[in-house]
Amino acid sequence: MSDPTADDRATAAVAAHLLSQGATVHRLSAALTVASVLALPSLALLHPRPLPALATATLAVVIGLAELWLALRVAFDARIFEQLARGEAGGSMTTASFDGAMGALGLMPADKAGRPVAARVRGAMGLLRRQATMAVAQLVVIGVSGWILVVVRG
């Protein structure tokens, strides 16, 4: 598939708008990650039995880093779908030119080249779902950490 059809461009435009919501998810996760990082020294110094709370706060930071990686991927895909929808890059943005560039940079395996736009959108939406799942997991872990702080006392 080389030249995107009008339907492909419409699909890409809708995907770009949906993927742009990943930025909101990332802002939430980034705030949770920063709060967890800032809480680590306090937990270590002030809590009588810090290990469980430290473990959950550290897990929240690790989940936040995973979410960051997914956020970067989602933002990249959003911008690519935006360009594909608008016919940007000098009007030369096609799926074939994108596949060639990604292959040349070593960022996409050859077996993924030539996929229809709908399949590409499904893959990108999967990344967005995983990103949101990481943010929810982070909230749950922080909730557990709060529970540990209240319940597990000296």
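Using numbering that gives the first Met the number 0, read the sequence shown as starting at 0 and increasing by one per residue. Positions of the beta carbon are idealized from the N, C-alpha and C atoms, including for glycine.
In the DSSP assignment, M133 falls within the alpha helix (DSSP H) that extends over V116 to V150. If you compare the alpha carbons of A9, L138 and Q20 with that of A74, the shortest gap goes to Q20.
A straight line joining the alpha-carbon of L53 with that of R128 spans about 28 Å. G122 has its alpha-carbon roughly 13 Å from the corresponding atom of A15.
One alpha carbon belongs to A70, the other to V120, and they sit about 16 Å apart. Shown here for L42: same chain residues with a beta carbon closer than 7 Å to its own, the five before and five after excluded, namely P49, A52, L53 and A56 in chain order. With respect to the 8 Å criterion, S35 and E66 are not classified as neighbours on the basis of their beta carbons. One thing to note: V24 has its Cβ no nearer than 8 Å to the Cβ of A136.
Distance from the Cα of L148 is smallest, within the candidate group A103, P47, A59 and G86, for P47. At a Cβ-Cβ threshold of 8 Å, G63 and L31 count as neighbours. A Cβ-Cβ contact shorter than 8 Å links V140 with L58. As the crow flies, the alpha-carbon of L83 is around 27 Å from that of T132. The beta carbon of F97 is closer than 8 Å to those of I79 and L83 in its chain, skipping five residues each way along the sequence.
Just measuring C-alpha positions, the residue of A77, G113, L44 and A22 sitting nearest T10 is A77.
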